[in-house]
Amino acid sequence: MTTTFEDLRKTAKLMLSQPMTFSIDDFVRKVEDYVNSLPEWRRNSFFGCIVRVGDTERKYLVRYTELPKLLREDPEFRERYIRALAAL
Amino acid sequence: MVKVVVCAPYFEEATFLWSPFLKNWLANELKKRGVEPVVLWGNDCVPEKFAEAVKDPDVYMVDGVGHGNERTFTGQGFSELLKVGMLLGPEWKHIFFGPVSCLVGQQLVPYMIQQGVPAGVGEETEYYFTAAGTPGDGSDPALDPLEKYYLYAEYGGRTLPMAEGYTAGEAYQNMLQEYERQAQEAEKVDAETAYWLRYDAQHRKFFGDPNFRLPVSGVRTKVEVTAAGMRLASEKTDVISVSGKVTAEDGSIPKGVVRVKADGQVADAILDANGAYEVSFTFVWDQNIDITYNITVEYQGYSNEVRYLPSRATTTVTVHSTRSPSKTKITKVTATRENDIVHLFIEGTVTDDKGLPVANGDVDILITDTYPKRDTVKTDANGKFTYKCDVPVGWLETLLTVTATFKGNDVLLPSMDEVHVKFPPNWKVIILIAGAAIVIIALIILAAMLTG
């Protein structure tokens, strides 16, 4: 089944309200499903923010195809992302 | 001449995607409004050059972009242009701070206001965005089909109105409305982009004096716009008429030209002696459905004895479908069970709003059970459609839903009908299974008795 952006938002909300419902792996897999469901031009587009982190080497703007990897490897970005997804 | 310092660092992906639009599109739009952009591009966007630029007494606004966090705003290579604790010189007493940057609304912008900066806007969280990564030369936001929404909302909604004489508070409110309008536009293409636009707008906060205004010289103007649409169904076109007038704050009548944009079409109109204008557009459509057109009217400003400042307005107009209602009716369903298969026969009619048969219409048939079955049939000259198929059913009670949907055509709207067909359990199979189970149990008991 295809994961929509709305599904991602619902998952993020559940992760914050009921932390035991989804594991990080489950969440990142959903992001992967979502990214894979996007048309090719959109998969190759960019997502990120204009933030400066203490470690200036850190990159918070990636192509969608790289988003699952960033979420897996960077817990700080992952937490910011989940909170932002659940915000509205 | 009023100047705006535009921070445009250019050293990694985020700024590669964003800053070209500041250097070319935004700078050019500011010039059109008689405001001089001082673009700090790439290696010029560093602390020494930034400090030197803002010392110019004609600078009244700092805008653009820069990576940020709660306490700092940075330029090229993350060099710190502003940070909490930095003493701001007297030049900052008349400078509005508005760049797009993450988190600076938490501590940095409030700190700057305490230091005497009259007003500013700052993001309280991260400023997220999506971009196709196609900035080209940055001369037109439309070059990037995703990023354009953010650029129109932020700079088109706030920076440019301030250059047109809006107060900071008016420009901020206009920006929030523009974010929502752009989100509605983005929603048609990409739900995610619409979400981030709304997220950014919600966390973009205003600080300081809402009455602060750039001392742009000239008379403020206002565009009034009304739009009407008419559908010519036989020609498969919509005609959109846009009219209105441009008024001036001092009551005089502005001269000049308005540029009217309607969903990809552009027309210029010269204001008449009353400041009024009128243009029309023709759009060709494929489907006779409700269509909403977005209209933007930009008054370009005018300078002669009096300098009239530019202004703009937006509106939408929806042209409604001219199709009339149709009626779909399932008139007969016969179903015969043969073991675990049901032979289904469906018959129905499609009529128009006068009860006359609709010939050659497409009717979607949907039969839902565990495995949905779909097909499309055509109505005959009498508006009648028939369909037969075999549907596998289990031996327990089964409920099938049969839906027939006329898809509509150039003159008729779609319509549908639905019936439910219930099948009782297949008692033959149930008795057979129950009998077999009793025999097996009896055999087990017998075997147990014999083995002691």
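Order-wise, the sequence lines are chains H and B.
The letter at position 25 of the first sequence is residue 28 when you use the numbering used here, and the numbering goes up by one with no holes.
The letter at position 388 of the second sequence is residue 1466 when you use the numbering used here, and the numbering goes up by one with no holes.
Note that the Cβ used here is the ideal one computed from N, Cα and C, for glycine as well.
| Check | Outcome |
| --- | --- |
| Taking Cβ to Cβ, would you say Phe1290 of chain B is nearer than 7 Å to Ala1326 of chain B? | no |
| Rounded to the nearest angstrom, what separates Cys1180 of chain B and Ala87 of chain H at their Cα positions? | 13 Å |
| I need the straight-line Cα distance from Asn1366 of chain B to Glu69 of chain H, nearest angstrom please. | 42 Å |
| Within its chain, find whatever has a CB closer than 6 Å to the CB of Ala15 of chain H; leave out the 5 residues flanking it on each side and keep chain order. | Ile85, Leu88 and Ala89 |
| Within this structure, are the beta carbons of Ala1391 of chain B and Val1375 of chain B separated by less than 7 Å? | yes |
| Report yes or no: do three or more beta-carbon pairs, one from the stretch 1091–1100 of chain B and one from the stretch 37–55 of chain H, lie closer than 8 Å? | yes |
| Quick one: what does DSSP say Ile53 of chain H is sitting in, helix, strand or coil? | coil |
| So does the stretch 1294–1312 of chain B actually touch the stretch 1269–1277 of chain B, counting three or more Cβ pairs closer than 8 Å? | no |
| Going by the CB atoms, is the gap between Val34 of chain H and Pro78 of chain H shorter than 7 Å? | no |
| Can you name, in chain order, every residue of its own chain whose Cβ lies under 7 Å from the Cβ of Lys1101 of chain B, other than the five neighbours on each side? | Ala1086, Val1117, Trp1119 and Gly1216 |
| What are the boundary residues of the beta strand (DSSP E) that Arg1309 of chain B is part of? | Thr1299 to Leu1310 |
| As a quick exercise: from B:Gly1433, B:His1421, B:Phe1463 and B:Thr1406, pick the residue whose alpha carbon is nearest that of Gly1486 of chain B. | B:Thr1406 |
| Ignoring anything shorter than 4 residues or poking outside the stretch 1109–1154 of chain B, list the alpha helix (DSSP H) runs there in chain order. | 1125–1132 |
| Assuming His1398 of chain B and Asp1368 of chain B are in contact, meaning their beta carbons sit under 8 Å apart, how far apart are those beta carbons, in whole angstroms? | 5 Å |
| When you compare the CB of Cys1085 of chain B with every CB in chain H, is at least one pair closer than 7 Å? | no |
| Look up Tyr1380 of chain B in the DSSP assignment and give the residues it is bridged to. | B:Tyr1386 |
| Please give the ranges of any alpha helix (DSSP H) in the stretch 1168–1223 of chain B, keeping only runs that are unbroken, at least 4 residues long and fully inside the region. | 1186–1192 |
| Hey, does Gly1200 of chain B have any beta-carbon neighbour from chain H nearer than 7 Å? | no |
| In the stretch 23–49 of chain H, which residues sit with their C-beta less than 8 Å from some C-beta in chain B, listed in chain order? | Trp44, Arg45, Asn47, Ser48 and Phe49 |
| Relative to the C-alpha of Asp1328 of chain B, which residue among B:Thr1299, B:Lys1314, B:Val1517 and B:Arg1282 is closest? | B:Thr1299 |
| With 7 Å set as the bound, which would you pick, yes or no: does the beta-carbon of Arg81 of chain H sit closer than that to a beta-carbon of chain B? | no |
| At the level of alpha carbons, what is the spacing between Val1083 of chain B and Gln21 of chain H? | 47 Å |
| Buried or exposed: which applies to Gln1260 of chain B, given that a residue is buried once 16 or more other Cβ atoms fall within 10 Å of its Cβ? | buried |
| If you reduce the DSSP assignment to three classes, tell me which class Met18 of chain H lands in. | helix |
| Tell me whether the beta-carbon of Val1428 of chain B lies closer than 7 Å to the beta-carbon of Gly1461 of chain B. | yes |
| Just the Cα atoms here: how many angstroms apart are Asp1222 of chain B and Lys1314 of chain B? | 31 Å |
| According to DSSP, simplified to helix, strand and coil, what is Asp1442 of chain B? | strand |
| With distance defined between alpha-carbon atoms, name the residue in B:Lys1266, B:Val1267 and B:Glu1232 nearest to Arg1282 of chain B. | B:Glu1232 |
| Tell me the residue span of the beta strand (DSSP E) that contains Glu3 of chain H. | This structure leaves residue 3 of chain H out entirely; chain H is present only between 4 and 91. |
| For Ser1179 of chain B, which residues in chain H fall below 7 Å Cβ to Cβ? | Ile53 |
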